[in-house]
Amino acid sequence: MVFSKLIAIYLFLGGTAAGAFALTALFDVAKAVKDHRRGEYGKLFLAPQSVISEPTYKRIRRFVYGTALIVVLTGELCLVADLGRPEAFFFLFLYPTSSLVSIGAFALTLLTVFLVVSLADTIIVLPKWARAVSFAAKAIGLPVAVIVMVYTGLLLQSVISVEIWQSAWLPVLFAASALSCGCAVVMLAACTCEDVRVTRIMARLLAWIDIAFILIEIVSIVALLAFGKGSASMAVMRLLEGDLSTTFWAGFVACGLAIPLVAEAVSLARKREIPTPGAAGIATLALVGGLCLRIAIVACGVAPSP
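The end of the sequence shown is residue 311 by my numbering, with every number in the run present.
This is the structure:
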C-alpha cells in the first residue's frame with residue numbers, strides 16, 4: 006500500500022471532522038440530559054459560573070457541524086482521488102470486508118450522515134420525533150467519531166513494512182491530535198459570536214480540554230520517537246534533523262503544541278482571557294500543527310526521493 010500527500014490530508018480532515026463532531030455532540034447530549042432531568046430549556050451551562058443563550062449556542066453548533074460536514078466530505082474526495090478509480094470507493098460498500106479500509110469507509114459514511122442530521126437540527130425547527138432522532142444520531146455518533154479518530158492511526162499501522170508506524174502510540178497520537186483540532190474548530194465558531202463574553206466562556210472551557218489533549222500528544226510523540234529502532238531510526242532522524250525537520254519542529258511542535266499550550270496555560274494561570282483575535286490565531290495554529298503532524302508522519306514512512 007502506497008500513501009501519498011492526499012492521504013495525509015485525508016487523515017487530517019477526517020480526524021478534525023470527527024474531533025469537532027465528538028466535542029459538540031458531547032455538549033449537546035449533556036445539555037439534553039440536563040434539560041430532561043431538570044426541565045431547564047434554552048440555556049447551556051458550559052462552566053459553573055457561565056451561561057450561554059440558546060440562539061448563540063445554536064449558531065456555534067451550526068458553524069461546527071457545517072464546517073465538519075464540509076471537512077469530512079473534502080476528506081472523502083481526497084481518498085477517492087488517491088484511489089485513482091472512483092468506483093473503488095463504492096466497491097468498499099458493495100463488497101464489505103473486515104479490513105481497516107472498509108471499516109474506515111463505513112465509519113466515515115456514518116459520521117457524514119450524523120453530521121447532516123445534527124446540522125439540520127440547527128437550521129430548521131424539527132418535530133419532536135425528529136429531535137429524538139437527532140439526539141440518537143449524536144449519542145451513537147460519539148463512538149463512531151472515536152472509531153474514525155483512532156482509525157486514522159490504525160490505517161498507517163496496518164502497513165507492517167514501515168516499522169515506525171507499528172508503534173501502539175500512533176493511534177493515540179492521532180486521536181489526541183484530532184480532538185485538539187476539534188477544539189480549534191469549536192473555538193473558531195465561538196470567535197464568530199458578536200458577544201465577546203461568549204468567546205471568553207468558550208475559550209476558558211476549551212483551554213482546559215485542549216491542554217489535556219496536547220499533553221497526551223506530547224507523551225505520545227515522545228513515546229513514538231523513542232520507539233525508533235532499526236529502519237524506524239532513519240524515519241526518526243528525518244523528523245528530527247532531516248528533510249522533514251521543518252515540518253515537524255515548526256509545523257507540528259511549535260504551531261500544534263508549544264504555542265497553544267503556553268498561551269492557554271498562561272491564560273488560565275493568570276485568569277486573563279485571550280482576546281478574540283488571539284484565540285482565533287491559536288486555533289488556526291493548532292489546525293496547521295495537526296496537518297503538519299500527519300504530513301510528517303506519513304512522509305517519514307516513505308523513502309525520500311533521490
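Where a beta carbon is used, it is the ideal one built from N, C-alpha and C, also for glycine.
Legend entry - Residues that residue 300 bridges to, as DSSP identifies them: In DSSP, residue 300 forms no bridge with anything.
Inset, instruction - Could you tell me whether the Cβ atoms of residue 116 and residue 26 are closer together than 8 angstroms? - result: yes
Legend entry - Residue environment, residue 177, which counts as buried when at least 16 other CB atoms sit within 10 Å: buried
Legend entry - Three-state class that DSSP yields for residue 49 in the structure shown: With a pLDDT of only 41 at residue 49, under the threshold of 50, the placement of this residue in the model should not be trusted; the figure read from the coordinates follows. It is a strand residue.
Legend entry - Chain-order list of residues whose beta-carbon lies under 8 angstroms from that of residue 281 (same chain, five-residue window excluded): 196, 201, 204
Legend entry - Local conformation of residue 287 per DSSP, three classes: helix
Inset, instruction - Below 6 angstroms CB to CB, which residues in the same chain sit around residue 184 once its five sequence neighbours on both sides are set aside? - result: 24, 218
Legend entry - residue 165 - DSSP class collapsed to helix/strand/coil: coil
Inset, instruction - Assuming residue 229 and residue 264 form a contact by the criterion Cβ under 8 angstroms, report the distance between their Cβ atoms to the nearest whole angstrom. - result: Incorrect: roughly 21 angstroms between the Cβ atoms, too far for contact.
Inset, instruction - Counting only the same chain and skipping the five closest in sequence on each side, list residues whose C-beta sits under 7 angstroms from that of residue 175. - result: 158, 161, 162, 229
Inset, instruction - Enumerate in chain order the residues of its own chain whose CB-to-CB distance from residue 283 is below 8 angstroms, with the five nearest sequence positions on each side excluded. - result: 268
Legend entry - Residue environment, residue 126, which counts as buried when at least 16 other CB atoms sit within 10 Å: buried
Inset, instruction - Between the Cα of residue 37 and those of 241, 137, 261, 155, spot the shortest distance and give me the residue it belongs to. - result: 137
Legend entry - Nearest-angstrom Cα separation, counted from residue 132 out to residue 223: 45 angstroms
Inset, instruction - With DSSP as the reference, label residue 129 as helix, strand or coil. - result: coil
Inset, instruction - Identify, in the order they occur along the chain, each residue of the same chain with its Cβ nearer than 7 angstroms to the Cβ of residue 181, setting aside the five sequence neighbours on each side. - result: 218, 221, 222, 225
Legend entry - residue 232 to residue 67 span [Cα, whole Å]: 41 angstroms
Inset, instruction - Alpha carbon to alpha carbon, how far is residue 35 from residue 46? Give it in angstroms, no decimals. - result: Because residue 46 carries a pLDDT of 36, less than 50, the predicted location of this residue cannot be relied on, and the following value inherits that uncertainty. When rounded, the distance between both Cα atoms is 13 angstroms.
Legend entry - C-beta contact flag for residue 293 and residue 247 at 8 angstroms: no
Legend entry - For residue 296 and residue 191, believed in contact at Cβ under 8 angstroms, the rounded distance: Rounded, the Cβ-Cβ distance is 18 angstroms, inconsistent with contact.
Inset, instruction - Can you grab the Cα-Cα spacing for the pair residue 39 / residue 9, in whole Å? - result: 45 angstroms
Inset, instruction - Return yes when the Cβ of residue 120 is within less than 8 angstroms of the Cβ of residue 164, no when it is not. - result: no
Legend entry - Cα-Cα separation, residue 128 to residue 278: 31 angstroms
Legend entry - Residue from 171, 207, 179 with nearest C-alpha to residue 298: 179
Legend entry - Inter-residue Cα distance where the pair is residue 304 and residue 211: 31 angstroms
Legend entry - Nearest-angstrom beta carbon gap, residue 144 and residue 288 [assumed within contact, 8 angstroms]: Not quite, the Cβ-Cβ distance comes to about 27 angstroms (not below 8 angstroms), so this is no contact.
Legend entry - Terminal residues of the alpha helix (DSSP H) in which residue 222 lies: 201-231
Inset, instruction - Sort 11, 146, 307 by Cα distance to residue 239 and report the nearest one. - result: 307
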